[in-house]
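Asker:
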Amino acid sequence: MDNIRNFCIIAHIDHGKSTLADRMLEITSTISVRDMRDQALDTLDLEREHGITIKATAVRMKYIFHDARQYQFNLIDTPGHVDFSYEVSRALAACEGAVLLVDAAQGIEAQTVANIYKALELDLEIIPVVNKVDMPTARPLEVREEVADILGVGIDDVLQISGKTGTGVDELLRTIVEKIPPPDGKTEDSLRALVFDSSYDRHRGVMTYVRIADGKLQPGDRLYLPGANKEFEAVEVGIFTPAFKPVESLSAGEVGYVGTGLKDVHDCPVGDSILTHGDSASNALEGYEPVTPMVFAGIYPTDPGQFSDLRVALETLRLNDSAITFVPEESGALGFGFRTGFLGLLHMEIVRERLEREYDLNLVVTSPTVEYRVTTMDGVTTTVDGPANMPDPSKIDLLEEPWAKLSVVSPAEYIGAVMELVRQARGEVGEIEYLEPTRVLLTYQVPMGELLVDFFDKLKSSTRGYASMDYDLMGYRSAEIVRVDVLVNGDRVDALSLMTHKANAVVIARDLLLRLQKLIPRQLFQVALQAAIGGRIVARENVPALRKDVLAKCYGGDVSRKRKLLEKQKEGKKRMKRVGQVDIPQEAFSAVLSR
Amino acid sequence: MMSGYLDALDQEIASTMNYFDPRPIGSSLYIGGGTPTLIHREQFKVFMDNLHSHIALTSNAEITVEMNPSDCSYEYLNTLSSCKVNRLSIGVQSFSDAELNRLGRTHSSKLLNAVIHDAKSAGIESVSIDLLYGHPGHTMESWKDTLESSIKLRPDHISCYALTLGSHRSHMLSRSLGLVIPDDEMVEFYGLATDLLSKAGYTHYETSNWALNGHQSEHNKQIWSGAEYMAFGCGAHAYIDKRRYSIIRHPQEYINSIASKRSVVDSVEKLTGVDLLVEAITLPLRTSDGINITELSRRFNYSIMEEHSLVISNLTENGLALLEKDRLHLTDKGLFLADGIGGQLLPNIVANSKT
Ligand SMILES: Nc1nc2c(ncn2[C@@H]2O[C@H](COP(=O)(O)OP(=O)(O)OP(=O)(O)O)[C@@H](O)[C@H]2O)c(=O)[nH]1
Ligand SMILES: [Mg+2]
Numbered sequence: 001m002d003n004i005r006n007f008c009i010i011a012h013i014d015h016g017k018s019t020l021a022d023r024m025l026e027i028t029s030t031i032s033v034r035d036m037r038d039q040a041l042d043t044l045d046l047e048r049e050h051g052i053t054i055k056a057t058a059v060r061m062k063y064i065f066h067d068a069r070q071y072q073f074n075l076i077d078t079p080g081h082v083d084f085s086y087e088v089s090r091a092l093a094a095c096e097g098a099v100l101l102v103d104a105a106q107g108i109e110a111q112t113v114a115n116i117y118k119a120l121e122l123d124l125e126i127i128p129v130v131n132k133v134d135m136p137t138a139r140p141l142e143v144r145e146e147v148a149d150i151l152g153v154g155i156d157d158v159l160q161i162s163g164k165t166g167t168g169v170d171e172l173l174r175t176i177v178e179k180i181p182p183p184d185g186k187t188e189d190s191l192r193a194l195v196f197d198s199s200y201d202r203h204r205g206v207m208t209y210v211r212i213a214d215g216k217l218q219p220g221d222r223l224y225l226p227g228a229n230k231e232f233e234a235v236e237v238g239i240f241t242p243a244f245k246p247v248e249s250l251s252a253g254e255v256g257y258v259g260t261g262l263k264d265v266h267d268c269p270v271g272d273s274i275l276t277h278g279d280s281a282s283n284a285l286e287g288y289e290p291v292t293p294m295v296f297a298g299i300y301p302t303d304p305g306q307f308s309d310l311r312v313a314l315e316t317l318r319l320n321d322s323a324i325t326f327v328p329e330e331s332g333a334l335g336f337g338f339r340t341g342f343l344g345l346l347h348m349e350i351v352r353e354r355l356e357r358e359y360d361l362n363l364v365v366t367s368p369t370v371e372y373r374v375t376t377m378d379g380v381t382t383t384v385d386g387p388a389n390m391p392d393p394s395k396i397d398l399l400e401e402p403w404a405k406l407s408v409v410s411p412a413e414y415i416g417a418v419m420e421l422v423r424q425a426r427g428e429v430g431e432i433e434y435l436e437p438t439r440v441l442l443t444y445q446v447p448m449g450e451l452l453v454d455f456f457d458k459l460k461s462s463t464r465g466y467a468s469m470d471y472d473l474m475g476y477r478s479a480e481i482v483r484v485d486v487l488v489n490g491d492r493v494d495a496l497s498l499m500t501h502k503a504n505a506v507v508i509a510r511d512l513l514l515r516l517q518k519l520i521p522r523q524l525f526q527v528a529l530q531a532a533i534g535g536r537i538v539a540r541e542n543v544p545a546l547r548k549d550v551l552a553k554c555y556g557g558d559v560s561r562k563r564k565l566l567e568k569q570k571e572g573k574k575r576m577k578r579v580g581q582v583d584i585p586q587e588a589f590s591a592v593l594s595r
Numbered sequence: 596m597m598s599g600y601l602d603a604l605d606q607e608i609a610s611t612m613n614y615f616d617p618r619p620i621g622s623s624l625y626i627g628g629g630t631p632t633l634i635h636r637e638q639f640k641v642f643m644d645n646l647h648s649h650i651a652l653t654s655n656a657e658i659t660v661e662m663n664p665s666d667c668s669y670e671y672l673n674t675l676s677s678c679k680v681n682r683l684s685i686g687v688q689s690f691s692d693a694e695l696n697r698l699g700r701t702h703s704s705k706l707l708n709a710v711i712h713d714a715k716s717a718g719i720e721s722v723s724i725d726l727l728y729g730h731p732g733h734t735m736e737s738w739k740d741t742l743e744s745s746i747k748l749r750p751d752h753i754s755c756y757a758l759t760l761g762s763h764r765s766h767m768l769s770r771s772l773g774l775v776i777p778d779d780e781m782v783e784f785y786g787l788a789t790d791l792l793s794k795a796g797y798t799h800y801e802t803s804n805w806a807l808n809g810h811q812s813e814h815n816k817q818i819w820s821g822a823e824y825m826a827f828g829c830g831a832h833a834y835i836d837k838r839r840y841s842i843i844r845h846p847q848e849y850i851n852s853i854a855s856k857r858s859v860v861d862s863v864e865k866l867t868g869v870d871l872l873v874e875a876i877t878l879p880l881r882t883s884d885g886i887n888i889t890e891l892s893r894r895f896n897y898s899i900m901e902e903h904s905l906v907i908s909n910l911t912e913n914g915l916a917l918l919e920k921d922r923l924h925l926t927d928k929g930l931f932l933a934d935g936i937g938g939q940l941l942p943n944i945v946a947n948s949k950t
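Note that the protein sequences, when read in sequence, are chains A and B.
Quick note on the numbering used here: the first sequence kicks off at 1 and runs consecutively.
Quick note on the numbering used here: the second sequence kicks off at 596 and runs consecutively.
1) Classify residue 615(B): buried if its beta carbon has 16 or more other beta carbons within 10 angstroms, exposed otherwise.
2) Checking the sheet assignment: what are the DSSP bridge partners for residue 431(A)?
3) What is the DSSP secondary structure of residue 712(B), counted as helix, strand or coil?
4) Round the Cβ separation of residue 3(A) and residue 111(A) to the nearest angstrom and send it over; I've been treating them as touching at under 8 Å.
5) Cα separation between residue 56(A) and residue 220(A)?
6) Compute every distance between the C-beta of residue 42(A) and the non-hydrogen atoms of ligand 4, then say whether any falls below 7 Å.
7) In the DSSP assignment, find the unbroken beta strand (DSSP E) run with residue 864(B) in it and report its ends.
8) When the Cα of residue 893(B) is compared with those of 623(B), 875(B) and 708(B), which residue comes out closest?
9) Return the residue from the list 237(A), 270(A) and 582(A) that minimises the CA-CA distance to residue 493(A).
10) Do residue 291(A) and residue 223(A) have their C-beta atoms closer together than 8 Å?
11) For a contact meaning CB atoms closer than 8 Å, what does residue 939(B) contact in chain A?
12) Once DSSP output is grouped into helix, strand and coil, what is the label at residue 221(A)?
13) Could you tell me which chain A residues have their CB closer than 7 Å to the CB of residue 778(B), listed as they occur along the chain?
14) Quick check on residue 87(A): does DSSP put it in helix, strand or coil?
15) Anything in chain B within Cβ reach of residue 487(A), meaning under 8 Å, just list it in chain order.
16) Run through DSSP, which three-state label would residue 649(B) get?
17) How big is the Cα-Cα spacing for residue 700(B) and residue 846(B)?
18) Using CA atoms only, rank isn't needed, just tell me which of 877(B), 941(B) and 835(B) is closest to residue 901(B).
19) Could you say if the region 275-285 of chain A and the region 178-193 of chain A meet the contact criterion of at least three C-beta pairs nearer than 8 Å?
20) Is residue 53(A) close to ligand 1? I mean its beta-carbon at under 7 Å from any heavy atom of the ligand.
21) Going by DSSP in three states, residue 62(A) sits in which element: helix, strand or coil?
22) Which residue comes first and which comes last in the beta strand (DSSP E) that contains residue 485(A)?
23) Alpha carbons only, please: which of 637(B), 640(B), 599(B) and 650(B) is nearest the one belonging to residue 610(B)?
24) Using CA coordinates, which residue listed in 682(B), 714(B) and 818(B) is at the minimum distance from residue 665(B)?
25) Is the number of C-beta pairs between the region 240-260 of chain A and the region 127-136 of chain A that are closer than 8 Å three or more?
26) Measure the CB-CB distance between residue 300(A) and residue 335(A) and report whether it falls below 8 Å.
27) May I have the straight-line CA-CA distance separating residue 939(B) from residue 683(B), to the nearest angstrom?
28) Let me know the secondary structure DSSP gives residue 453(A) once reduced to three states.
29) Are residue 671(B) and residue 697(B) touching if we call contact CB-CB under 8 Å?
30) Once the 5 residues before and after residue 70(A) are set aside, which same chain residues still bring their CB inside 8 Å of it?
31) Whose Cβ in chain A lies nearer than 8 Å to the Cβ of residue 726(B)?
32) On the CB-based measure, 16 or more other CB atoms within 10 Å of its CB, does residue 526(A) come out buried or exposed?
33) Nearest chain B C-beta to residue 554(A) closer than 8 Å, yes or no?
34) Roughly how many angstroms separate the alpha carbons of residue 566(A) and residue 934(B), rounded to a whole number?
35) What's the C-alpha gap between residue 385(A) and residue 373(A)?
36) Nearest to residue 326(A) by alpha carbon, out of 305(A), 294(A), 148(A) and 346(A)?
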């Protein structure tokens, strides 16, 4: 076991984790030169398209140290985006060490700090590395100092590499062997394994990704999940190359997978332990909090006939993405759909894209909202995750909204601008910590709902792109939340409603109408838009009527062309939802997010 | 090449007509596409004699020829008249020489007066002119001039076409250069034409067409009513037995095909029941006659009033359409939205039948 090293690569988004993993895969000949491609561990289509890592990926490598001993490296490449930060926590729990990358041009950013805390909490060995030193704008010396400072280590302990050119990667691999401790489990003890991730396979059922703490695991073993209280037999045991590769056994300290044959991911939740059947549940390892969605939105098929297809698609998607939740809901304007929970807006966008692309659906997604806690006069507390579930204001005794701890890393000159943004978002000013003479880490408390919409965009634009942010749910506080309704030609369209704080409601309502006015195409008749709060109209706008819509000429050859044009327009209307006499495009239902 | 083309055309007509037994009798004949510009007067006469020998027409059939103003010599007009051509359609476009120049036209506005006069004295019963508005740089003042000059010459028929840009890309390009007149301004041009022409006694009988009494284009009215027709020559479109045909566009390819006895049909489209219904709604909607509701429900078993009562009442309330007895027709304002309105009146199955 002394020759095993389990570690993750952690960093702020885009600081080069997956690219560094490429170099490691190359040096260890895990992937042949012929099969190598950039960010080889980003295998999902969406990851390659967006150029970001969405799902953590594990891979086993063989590394020959200079004393000619062979080491087994289990590397986990993690995502950098805040929506998927729970993946980082899970991955860390399966490791003894972490390679912390910091972009040599950007310096420490918000997720760098968040990830450092996560690794320290688990008492992992951190190997600090300044990356991308090949860039012309790199400031390796300053950034190394910054990193040394925040971790309280000497500047010589901070390596400098380029994941792109490979400079310094050999030294990093040697440091991994020297600094990261081997796992300390006992193969003779009874089996204890931590489930740190899972996916679904049609033939082998739920595939649990495990880190063996103690004992040994073989195909055919009778096993037990104490958290879910489920028994199963190991269908297959294997390692990641990064593809699944069956092996005869996994022993203490190793990372790999177990095919469970189970059909529902919820039967083997991430964070649960795997024990030998018959062992006491008290042997279970310490897991982690299950992830809970932070953002909720209605998802509806534009064609009502696709409702059951949507249900099947969501159920299938959940097999590989246990972070989504959904319950049926009904809208007067959109018919039947699902109120769906996501980890954040990027997650929401990705789920929507997958549903539309992989399941050939055409969807309307309504404005996202956070989850409120409402206590009614009769003392009952419920959660409210959409405008439709909001009880009548007169029945509400206490309404609470989620608050987040927000950290922003920014050049010091923008402190004032960031504070102003936080103030507008109803946030509370907190601490200022200097990372470098010119860069600060700012910590605030801000209502989660305010972060959701365009806070990040505003932050970027008011700091010329230099600031980064990270946030984490911290608790609930009472709030005055109201529902903004939208009336189209005098009729309330429930799917356009949104919830917001009373103080900003009128501004938001006006802004919403202006966005709708831009999104709703001109039609044969004028469309009157109104926004109302508690029955009082607070804003109005019109979409003027179309005035020309005819081909100038319609003789012999034009006739077919014209008919095809009309049919194409009809086709285009399928991407719209007809409410009363008005065609409303899909994007209008999440107009609060449009730019 | 011209005589080669005329020979090929003659052969196409002869062999196509041979298919039909008994031969149909046409009520109108339209010779368009600028062909007369390219052929000599004598050639035209020979061609017409041949044509009359292949095609039977009713005694009062409308025979139209499209001409560029600069080709309308008195002699040519006389030849047309002697070949029983009784309707002339002239591509005037504008009465401003500066504009004509920009539009790449070779004729000058002065010529037009003479042409119309000559056509009449040559015995051609109906003279029609085409005008173009909304081209880049076009102003309301100059449009008013063109309309007033036209009215002064008193042609029997006036077509006013809004400029349509060919491809999407050229449209985007012109738009980015700020050249395209936005639709809201196009409406002003259209409105002015509607106003001035109706005051001058012209009837607005189709989106882009106005006529004095008795001079509406019978040929085009047939097209809008869904009637079938034959067509010959490069790029022509025919509608026979619920099929829409197009003929090869390229002249040399056309000639070669005829010579080697290959078909000159470029594409055939068979109309489905739904297609027929779509056309039966959208085509008449462009005309002042509008849709005959009873006729429509008899032919297609489609009650537009039931399926779209809300749309129709909205249309009438907003002054876009009128409902008179069993006729649904658009107002001047509505005619400029005819395609959009047509789209709203289609059977709902159209939306779902094509994927
Ligand atoms: N110049 C230079 N560019 C690099 C280096 N490493 C990565 N990049 C570039 O930085 C971008 C992000 O690289 P990734 O490896 O995808 O970053 P990541 O940290 O995995 O990103 P997420 O997984 O989305 O958080 C890509 O365009 C890389 O080509 C480096 O050492 N030098
Ligand atoms: Mg990555």
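Glycine included, each C-beta is placed from N, C-alpha and C at the ideal position.
Answerer: Based on what the coordinates show:
1) Against the second sequence, residue 615(B) aligns to sequence position 20. Here residue 615(B) is exposed. Its C-beta has fewer than 16 other C-beta atoms within 10 Å.
2) One-based indexing of the first sequence puts residue 431(A) at position 431. Bridge partners of residue 431(A) according to DSSP: 443(A).
3) Counted from its first residue, the second sequence places residue 712(B) at position 117. Helix, per DSSP.
4) Start at 1 with the first residue of the first sequence, and residue 3(A) comes out as number 3. Start at 1 with the first residue of the first sequence, and residue 111(A) comes out as number 111. Not quite, the Cβ-Cβ distance comes to about 32 Å (not below 8 Å), so this is no contact.
5) If you number the first sequence from 1, residue 56(A) lands on position 56. If you number the first sequence from 1, residue 220(A) lands on position 220. The alpha-carbon atoms of residue 56(A) and residue 220(A) are separated by roughly 28 Å.
6) Ligand 4 is absent from the structure shown, which contains only ligand 1 and ligand 2.
7) Here residue 864(B) is taken as the residue at index 269 of the second sequence, counted from 1. First-last of the beta strand (DSSP E) with residue 864(B): 860-865.
8) The residue labelled residue 893(B) in the question sits at position 298 within the second sequence. Nearest of 623(B), 875(B) and 708(B) to residue 893(B), Cα basis: 875(B).
9) The residue you call residue 493(A) lines up with position 493 of the first sequence. Selected option, being the one with the closest Cα: 582(A).
10) For the purposes of this step, residue 291(A) is taken as the residue at position 291 of the first sequence. For the purposes of this step, residue 223(A) is taken as the residue at position 223 of the first sequence. Taking 8 Å as the cut-off, the beta carbon of residue 291(A) is found no closer than this to the beta carbon of residue 223(A).
11) Translated into positions along the second sequence, residue 939(B) becomes position 344. Residues of chain A passing the Cβ test: 524.
12) On the first sequence, residue 221(A) is found 221 positions in, with the first residue counted as 1. In the three-state reduction of the DSSP assignment, residue 221(A) falls in the coil class.
13) As a first step, residue 778(B) is located in the second sequence; it is residue number 183 there, counting from the start. Chain A residues near residue 778(B): 547 and 548.
14) Counting from one through the first sequence, the residue named residue 87(A) turns up at place 87. Looking at residue 87(A) - three-state DSSP - the assignment turns out to be helix.
15) Counted from its first residue, the first sequence places residue 487(A) at position 487. Here the premise fails: no neighbours, minimum Cβ distance about 18 Å.
16) Residue numbering aside, residue 649(B) sits at position 54 when the second sequence is read from its first letter. Residue 649(B): helix per DSSP, three-state reduction.
17) As a working note, residue 700(B) is residue 105 in the second sequence. As a working note, residue 846(B) is residue 251 in the second sequence. Cα to Cα, the separation comes out at about 23 Å.
18) Here residue 901(B) is taken as the residue at index 306 of the second sequence, counted from 1. Among 877(B), 941(B) and 835(B), the Cα nearest to that of residue 901(B) is on 941(B).
19) They touch, by the three-pair rule.
20) To locate residue 53(A), count along the first sequence from 1; it is residue 53. Closer than 7 Å to some heavy atom of ligand 1: that describes the Cβ of residue 53(A).
21) Here residue 62(A) refers to the residue found at position 62 of the first sequence. If DSSP states are grouped into helix, strand and coil, residue 62(A) belongs with the strands.
22) Start at 1 with the first residue of the first sequence, and residue 485(A) comes out as number 485. First-last of the beta strand (DSSP E) with residue 485(A): 481-488.
23) To locate residue 610(B), count along the second sequence from 1; it is residue 15. Residue 610(B) has its Cα closest to that of 650(B), out of 637(B), 640(B), 599(B) and 650(B).
24) Counted from its first residue, the second sequence places residue 665(B) at position 70. Between residue 665(B) and the set 682(B), 714(B) and 818(B), the nearest pair of CA atoms involves 714(B).
25) Output reads no: the region 127-136 of chain A does not touch the region 240-260 of chain A.
26) The sequence position of residue 300(A) within the first sequence is 300, counting from 1. The sequence position of residue 335(A) within the first sequence is 335, counting from 1. Yes, these two residues count as a Cβ contact at 8 Å.
27) Here residue 939(B) is taken as the residue at index 344 of the second sequence, counted from 1. Here residue 683(B) is taken as the residue at index 88 of the second sequence, counted from 1. About 36 Å.
28) Here residue 453(A) is taken as the residue at index 453 of the first sequence, counted from 1. Three-state result, residue 453(A): coil.
29) In the second sequence, counting from the first residue as 1, residue 671(B) sits at position 76. In the second sequence, counting from the first residue as 1, residue 697(B) sits at position 102. It is not a contact, given that the beta carbons lie outside the stated cut-off.
30) Taking the first sequence and counting its residues from 1, one reaches residue 70(A) at position 70. Result list for residue 70(A): 3, 62, 63 and 64, in chain order.
31) Taking the second sequence and counting its residues from 1, one reaches residue 726(B) at position 131. Listed along the chain, the chain A residues whose CB falls inside 8 Å of the CB of residue 726(B) amount to none; the nearest CB is some 11 Å away.
32) Your numbering for residue 526(A) matches position 526 in the first sequence. Around the beta carbon of residue 526(A), a 10 Å sphere encloses fewer than 16 other beta carbons of the protein chains shown; the residue is thus reported as exposed.
33) Taking the first residue of the first sequence as 1, we reach residue 554(A) at position 554. Flagged as an interface residue toward chain B: residue 554(A), by a C-beta distance shorter than 8 Å.
34) Within the first sequence, residue 566(A) is the residue found at index 566, counting from 1. Within the second sequence, residue 934(B) is the residue found at index 339, counting from 1. Their backbone Cα atoms lie some 8 Å apart in a straight line.
35) Walking along the first sequence from the start, residue 385(A) turns up at place 385. Walking along the first sequence from the start, residue 373(A) turns up at place 373. The alpha-carbon atoms of residue 385(A) and residue 373(A) are separated by roughly 9 Å.
36) By 1-based counting over the first sequence, the position of residue 326(A) is 326. Out of 305(A), 294(A), 148(A) and 346(A), 294(A) has the C-alpha closest to the C-alpha of residue 326(A).
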